[in-house]
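What follows is a short report on a single structure.
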Amino acid sequence: MAETKWIEKEIARVVAAGRAAPDEEREPHALSARYDNKHGRVVVELDNGCLFAFPARHVQGLEEADAKAIADIELLGGGYALHWPRINASLRIEGALAGILGNRKWMHRLAAKEAGSKTSEKKASTSRENGKKGGRPRKAGTEAA
Numbered sequence: 001m002a003e004t005k006w007i008e009k010e011i012a013r014v015v016a017a018g019r020a021a022p023d024e025e026r027e028p029h030a031l032s033a034r035y036d037n038k039h040g041r042v043v044v045e046l047d048n049g050c051l052f053a054f055p056a057r058h059v060q061g062l063e064e065a066d067a068k069a070i071a072d073i074e075l076l077g078g079g080y081a082l083h084w085p086r087i088n089a090s091l092r093i094e095g096a097l098a099g100i101l102g103n104r105k106w107m108h109r110l111a112a113k114e115a116g117s118k119t120s121e122k123k124a125s126t127s128r129e130n131g132k133k134g135g136r137p138r139k140a141g142t143e144a145a
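Heads up: the sequence shown at position 124 corresponds to 124 in the working numbering, and the numbers run straight through without jumps.
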């Protein structure tokens with residue numbers, strides 16, 4: 001029981017210190033968040049007066065969610081995180097501002113998907129040339145079947 005009281009006092013002390021810290025020492029936090037269904041984005045109003053938006057489907061856990069579940073957004077920790085209770089997904093504001101919308105594996109997959117969808121004139125011309133030669137060249141060391 002004494003251990004619990006010590007922890008409660010420590011938590012209260014840390015929270016009070018955080019609230020007393022000058023604004024420039026605190027990371028931005030959300031005042032509100034909403035889902036813009038028309039554009040498929042989550043829009044967050046920050047305490048510094050800025051608006052921040054990101055594609056909802058890029059957030060780990062939201063990629064398959066329906067619009068109603070995405071629109072149900074809660075603020076956690078005094079606005080330092082967003083939470084979608086219907087799908088049990090959460091996202092820290094600090095991470096979102098840095099472009100981190102999931103764990104490392106998720107972010108690698110998202111980056112690879114984005115990179116693979118990019119087209120350029122060089123890619124198109126190389127593809128046309130390879131098509132004239134019978135398709136994509138075989139990897140080195142691979143024998144014909």
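Every residue, glycine too, gets a C-beta built ideally from N, C-alpha and C.
- When C-beta atoms of the region 98–118 are compared with those of the region 29–48, fewer than three pairs fall below 8 Å, so the two segments do not count as touching.
- The alpha-carbon of G77 is positioned some 15 Å away from that of A89.
- DSSP links H83 through a beta bridge to E74 and S90.
- For R41, there is no enclosing alpha helix (DSSP H); the enclosing beta strand (DSSP E) covers residues R41 to L46.
- Looking at the backbone, the Cα of F54 and that of R41 are separated by about 5 Å.
- Burial is judged here by how many other beta carbons sit within 10 angstroms of a residue's own beta carbon; H39 has fewer than 16 and is exposed.
- In its chain, beyond the 5 residues on either side, R57 have a beta carbon closer than 8 Å to the beta carbon of E63.
- At a Cβ-Cβ threshold of 8 Å, V59 and L51 do not count as neighbours.
- DSSP, reduced to helix, strand and coil, places A30 within a strand of the structure shown.
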